[in-house]
Amino acid sequence: MRSRSTAVVGLVSLTALLLSGCSSTGSGDGGPVTLEFWSWAPNTQELVDIWNEENPDIQVEYTDAGGGDDSAAKLLTANRAGNAPDLAAVEYTTLPSLIVSDVPLDITEYVEDVQDAYTEGTWAQTTFDGAVFGLPQDVGPMAMVYRSDRFEELGVEVPTTWEEFREAAAAVRAADPNTYIASLPPGELGFFAGVAAQAGSEWWAIEDGTWSVGIDDDESLEVADFFQSLADDDLISTEPLLTPEYNKKLNEGTILSWPSALWAPGVIESVAPETAGGWSMAPLPQWNEGDPAVAYQGGSAVIVTKASEHPEEAAEFAKWLNASDEGSELVLTKQNAYPAAIAGQELAAESDPPTLMPQQTDFYEIAADIASQTKPVIWGPNVNVAKSTFEDQLNKAVESGTPWRDAFTATADAVRDDMRETGYEVAGD
Amino acid sequence: MTASVQARPRARRTLRPRFAPYLFSAPAVVLYVAFMLVPVGYAIWLSLRAYRLVGGGILGTRQDVFVGLENYVSVLTDPELLASLGRLAVYGLIAVPLTLGLALLFALMLDVPAVRAKRFARTAIFVPYAVPGVVAALLWGFMYLPSTSPFSYLTEAAGWGTIPFLENPTLFGSLANIAIWGGVGFNMIIIYTSLRGIPTELYESARLDGASEVQIALRVKVPLVMPAVVLTLVFSLIGTLQVYGEPATLQPMTRDISQTWAPLMTIYRDAFVTDDLPAAAASSTVLALGTVLISVLVLAIANRRRMEDAK
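Those sequence lines, one after another, are chains A and B. Just so you know, we're using my numbering here: the first sequence kicks off at 1 and counts up by one. Just so you know, we're using my numbering here: the second sequence kicks off at 430 and counts up by one.
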């Protein structure tokens with residue numbers, strides 16, 4: 001049903017496109033405006049329906065354009081073809097590469113008035129050199145989701161530092177040889193970037209127009225060494241996440257945790273609903289005891305594209321969806337995401353815990369604590385290159401037993417080369 | 430009266446030869462130009478360009494500029510291209526001979542007069558070809574993953590542990606297996622159709638000469654269907670060079686399939702993951718030229734052998 005309606009929307013918009021030669025169909029001044037909106041968050045159609053009901057003059061047509069990576073690829077292609085939607089959800093990691101490809105519009109003048117709806121760190125995720133290119137929708141402060149029932153059964157303490165994580169991993173292996181505390185595979189650039197940032201590394205930074213790339217700085221290489229030692233000692237698994245294989249292990253209870261971010265409960269629930277009640281959430285283990293700051297993993301913002309003929313109306317919708325009390329409540333309750341807006345986060349504090357952990361009544365209290373201590377992360381214009389290289393190189397390292405830090409170094413080199421080739425000033429030249 | 434009767438055919442004769450051929454071929458030509466030559470030309474034009482930074486701002490914007498053969502240089506000097514062709518060679522060495530061998534074998538077996546349930550057997554062998562490639566790859570993926578695999582379930586129950594279907598070097602066989610499973614039926618139909626076209630007198634005279642069914646198959650049928658086999662060989666080789674669906678579908682399930690495992694996967698990554706459409710266009714052009722070259726080579730070798738046989 002969903003795919004059919006998507007196809008119908010696609011067909012309708014294709015027809016509209018052929019007829020009008022542009023993406024926004026509106027009847028000029030005064031009449032109602034129709035905006036196209038791409039997103040992938042669950043239940044977005046419901047949110048759009050509520051908006052359309054309340055705003056007969058600004059009608060929004062929603063299309064599920066696929067997850068973050070797919071959606072970004074389509075957005076680039078559609079933009080080059082001149083038929084990008086008016087609005088689109090994008091991940092923070094891909095926003096810079098889209099800005100560089102001239103997709104999002106600088107919407108500072110339309111959205112300045114809602115800056116107070118966000119914390120400084122959140123606002124910084126979509127602001128580049130004073131220009132705002134999107135409104136944050138949800139954020140993913142890093143946290144660890146774990147099987148509290150199995151931890152108890154095996155007599156394993158919940159780790160608060162990464163050193164303790166290693167001990168807990170060893171205890172899990174000793175208590176049940178079929179079980180791993182977690183799988184941390186090479187495909188998860190977001191995780192490794194996050195824990196490197198937690199350790200103090202800046203994978204991308206810019207000063208006076210010159211970029212520096214820190215994927216191979218000392219902190220990152222130490223992070224590489226640490227997780228390699230876990231893998232070498234067979235304390236963690238490195239198999240890919242969310243494959244049929246992995247999901248089966250989640251259901252069986254032979255993978256006991258997922259160090260990731262606050263959105264993890266929703267994902268786990270969708271693949272292992274029967275395990276609900278056995279899970280809890282805890283702050284991500286720390287590198288230095290007593291330093292609770294964590295980075296973000298994942299999260300998305302809504303951009304207005306340069307192709308939009310009605311940027312003001314589009315920004316209006318984005319503000320309602322992400323920055324208003326009503327919108328951020330819907331982001332929390334309908335999309336099951338952790339809202340970026342302060343109002344949504346405050347509301348979350350009073351809400352019931354996610355259905356994956358109904359017994360953990362202080363879930364959102366802990367979440368608010370974590371969210372208040374996040375480090376802003378700067379993503380560079382070629383995270384896609386980093387991700388692709390990192391995955392292949394680290395897979396190779398895991399497979400052939402070469403040092404993981406070499407994969408980090410190779411990624412850093414590839415990222416620098418790509419930036420130089422494109423024409424950026426890169427530090428170290 | 431007579432003059433007008435004669436005039437009409439003359440008018441037709443002068444009009445027809447001039448315009449009719451163009452008129453009749455116009456749809457095909459227009460479609461060919463619009464959907465073949467123009468896209469190819471566009472891809473080649475694209476391959477000579479690159480996205481480069483223009484203008485200021487903290488990030489700047491990338492716009493496409495002419496860079497000549499730069500993309501071709503980087504494609505041809507990328508060690509991954511050779512490595513991925515090497516992987517395809519291993520995969521092809523398993524997949525192509527087995528697909529063609531099995532297709533020929535099944536076709537010959539179906540052609541033996543004594544065989545029963547021919548139609549059923551033919552359909553049964555052909556059905557996998559009707560399964561979309563991605564579905565087939567997912568289906569086999571489930572059968573390969575250790576905890577969902579029925580094969581690994583059996584070996585584990587027997588105490589031998591799981592079968593590492595998705596790890597090197599077994600991976601090549603596992604991938605080839607999907608292609609063989611899906612491709613045998615299609616190739617079999619081509620060869621079988623060609624077999625049905627052989628005049629039955631030939632078999633009769635062979636039988637009169639005292640040839641057994643096996644001898645007829647090897648000495649009469651196989652040489653006569655050789656052109657069909659060569660055709661399927663060319664199809665299979667092109668299919669090997671263009672392999673994409675199976676490894677791309679299995680890629681998230683295993684560490685051993687990189688994003689540049691096959692040339693087409695590299696092209697996809699460049700075009701849609703790292704947003705380097707010009708590089709993808711350059712690789713595509715190189716791959717297309719290579720494919721044409723191999724096809725021509727195979728056909729030339731096959732033709733020469735046939736000429737020699739004819740002598």
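Even for Gly, the Cβ is constructed at its ideal location relative to N, Cα and C.
Spatial neighbours of residue i within its chain, please: CB distance less than 7 Å, with the 5 preceding and 5 following residues excluded, ordered by chain position.
{"i": "B:A711", "result": "S476, N500, Y501 and V504"}
{"i": "A:N52", "result": "Q59 and V60"}
{"i": "A:I99", "result": "F128 and F133"}
{"i": "B:F571", "result": "T577"}
{"i": "A:Q393", "result": "A407, A410 and T411"}
Can you pull the chain A neighbours of residue i, defined as C-beta to C-beta under 7 Å?
{"i": "B:P681", "result": "P240 and T243"}
{"i": "B:F464", "result": "Per Cβ cutoff of 7 Å: no residues; B:F464 is ~17 Å from chain A at best."}
{"i": "B:R491", "result": "V100, S101 and T422"}
{"i": "B:F571", "result": "P244"}
{"i": "B:L482", "result": "T422, G423 and Y424"}
Quick check on the DSSP output: the alpha helix (DSSP H) that includes residue i runs from which residue to which?
{"i": "A:T409", "result": "W404 to T422"}
{"i": "B:R733", "result": "L706 to A739"}
{"i": "B:I645", "result": "Here B:I645 belongs to no alpha helix (DSSP H), and DSSP marks it neither H nor E."}
{"i": "B:A550", "result": "K547 to A559"}
{"i": "A:P311", "result": "P311 to N322"}
{"i": "A:R166", "result": "W162 to A175"}
{"i": "A:E399", "result": "V383 to S400"}
{"i": "B:R625", "result": "T599 to R625"}
{"i": "B:P579", "result": "P579 to A586"}
{"i": "A:R80", "result": "G68 to R80"}
{"i": "A:I366", "result": "F363 to A371"}
Could you tell me the boundaries of the beta strand (DSSP E) in which residue i lies?
{"i": "A:I87", "result": "The sequence as given places Leu at residue 87 of chain A; Ile does not occur at that position. L87 to E91 is the span of the beta strand (DSSP E), which, as asked, contains A:L87."}
{"i": "B:D493", "result": "T490 to F495"}
{"i": "B:S503", "result": "Element bounds for B:S503: not the beta strand (DSSP E) but the alpha helix (DSSP H), E499 to T506."}
{"i": "A:T210", "result": "T210 to V213"}
{"i": "A:Q297", "result": "Y296 to V304"}
{"i": "B:R698", "result": "Run containing B:R698: none; DSSP gives neither H nor E here."}
{"i": "B:R481", "result": "R478 to V483"}
So which residues on chain B does residue i lean against when the C-beta distance must stay under 8 Å?
{"i": "A:K249", "result": "S576"}
{"i": "A:N395", "result": "R684, D685 and S687"}
{"i": "A:V398", "result": "R684"}
Between which residues of its own chain and residue i is the CB-CB distance below 6 Å, once the five residues before and five after are set aside?
{"i": "A:D325", "result": "A343"}
{"i": "B:T584", "result": "I592"}
{"i": "A:Q360", "result": "S280 and P353"}
{"i": "B:F580", "result": "I592"}
{"i": "A:A433", "result": "Absent from the structure is residue 433 of chain A, since the part of chain A shown begins at 1 and ends at 429."}
From the DSSP output, read off the bridge partner residues of residue i.
{"i": "A:M142", "result": "A:A261"}
{"i": "A:F37", "result": "A:Y62 and A:L87"}
{"i": "A:E207", "result": "A:T210"}
{"i": "A:T127", "result": "A:V132"}
{"i": "A:P339", "result": "A:D138"}
{"i": "A:P283", "result": "A:A143"}
{"i": "A:V426", "result": "A:W211"}
{"i": "A:Y180", "result": "A:I255"}
{"i": "B:P446", "result": "In the DSSP output, where bridge partners are listed per residue, B:P446 has none listed."}
Run through chain A and tell me which residues come within less than 8 Å of residue i, C-beta to C-beta.
{"i": "B:D704", "result": "A73, L76, S97, S101 and N384"}
{"i": "B:F580", "result": "By Cβ distance, chain A contributes nothing, its closest Cβ being about 14 Å from B:F580, past 8 Å."}
Below 7 Å on C-beta distance, what does residue i contact in chain B?
{"i": "A:P381", "result": "L488"}
{"i": "A:S388", "result": "Q688, R698, V702 and T703"}
Under 9 Å Cβ-Cβ, which residues of chain A neighbour residue i?
{"i": "B:R478", "result": "Per Cβ cutoff of 9 Å: no residues; B:R478 is ~12 Å from chain A at best."}
{"i": "B:R516", "result": "Going along chain A, no residue has its Cβ under 9 Å from B:R516, so there is no contact; the nearest lies around 13 Å."}
In its own chain, which residues sit with a C-beta less than 8 Å from the C-beta of residue i, not counting the 5 before and 5 after it?
{"i": "B:L527", "result": "A605 and I609"}
{"i": "A:L105", "result": "F133, I303, V304, T305, K306, S308 and P311"}
{"i": "B:I645", "result": "Y632, A635 and R636"}
Could you name the residues of chain B that residue i contacts, counting a contact when the two beta carbons are closer than 9 Å?
{"i": "A:E391", "result": "S687 and Q688"}
**Asked** Quick one: any contact between the region 255-271 of chain A and the region 130-144 of chain A, if contact means 3 or more CB pairs under 8 Å?
**Response** Taking one beta carbon from each stretch, the region 255-271 of chain A and the region 130-144 of chain A have 3 or more pairs nearer than 8 Å; the two touch.
**Message:** Across the region 576-588 of chain B and the region 507-523 of chain B, are there enough close Cβ pairs to call them in contact, namely three or more that are closer than 8 Å?
**Reply:** With a cut-off of 8 Å, the region 507-523 of chain B and the region 576-588 of chain B do not count as touching, because too few Cβ pairs lie within range.
**Asked** Are there three or more Cβ pairs, one per stretch, closer than 8 Å when the region 99-108 of chain A is compared with the region 73-85 of chain A?
**Response** Touching, yes, given that three or more Cβ pairs across the two stretches are closer than 8 Å.
**Request:** Say whether the region 597-614 of chain B touches the region 556-567 of chain B, bearing in mind that this needs 3 or more beta-carbon pairs closer than 8 Å, one atom from each stretch.
**Result:** The region 597-614 of chain B, when compared against the region 556-567 of chain B, does touch it at the 8 Å Cβ threshold.
**Three CB pairs or more closer than 8 Å across the region 480-498 of chain B and the region 722-734 of chain B** = Flag = no, the region 480-498 of chain B and the region 722-734 of chain B do not touch.
**Asked** How do the region 314-321 of chain A and the region 274-288 of chain A stand: do at least 3 beta-carbon pairs fall below 8 Å, yes or no?
**Response** Taking 8 Å as the limit for Cβ pairs, the verdict is that the region 274-288 of chain A does not touch the region 314-321 of chain A.
**Prompt:** Counting Cβ pairs closer than 8 Å, one from the region 149-157 of chain A and one from the region 168-179 of chain A, do we hit at least three?
**Reply:** The region 149-157 of chain A, when compared against the region 168-179 of chain A, does touch it at the 8 Å Cβ threshold.
**Prompt:** Are there three or more Cβ pairs, one per stretch, closer than 8 Å when the region 536-543 of chain B is compared with the region 665-683 of chain B?
**Reply:** These segments do not touch.
**Item:** Inter-stretch contact at 8 Å, needing at least 3 Cβ pairs: the region 375-384 of chain A / the region 696-708 of chain B
**Value:** The region 375-384 of chain A vs the region 696-708 of chain B: in contact.
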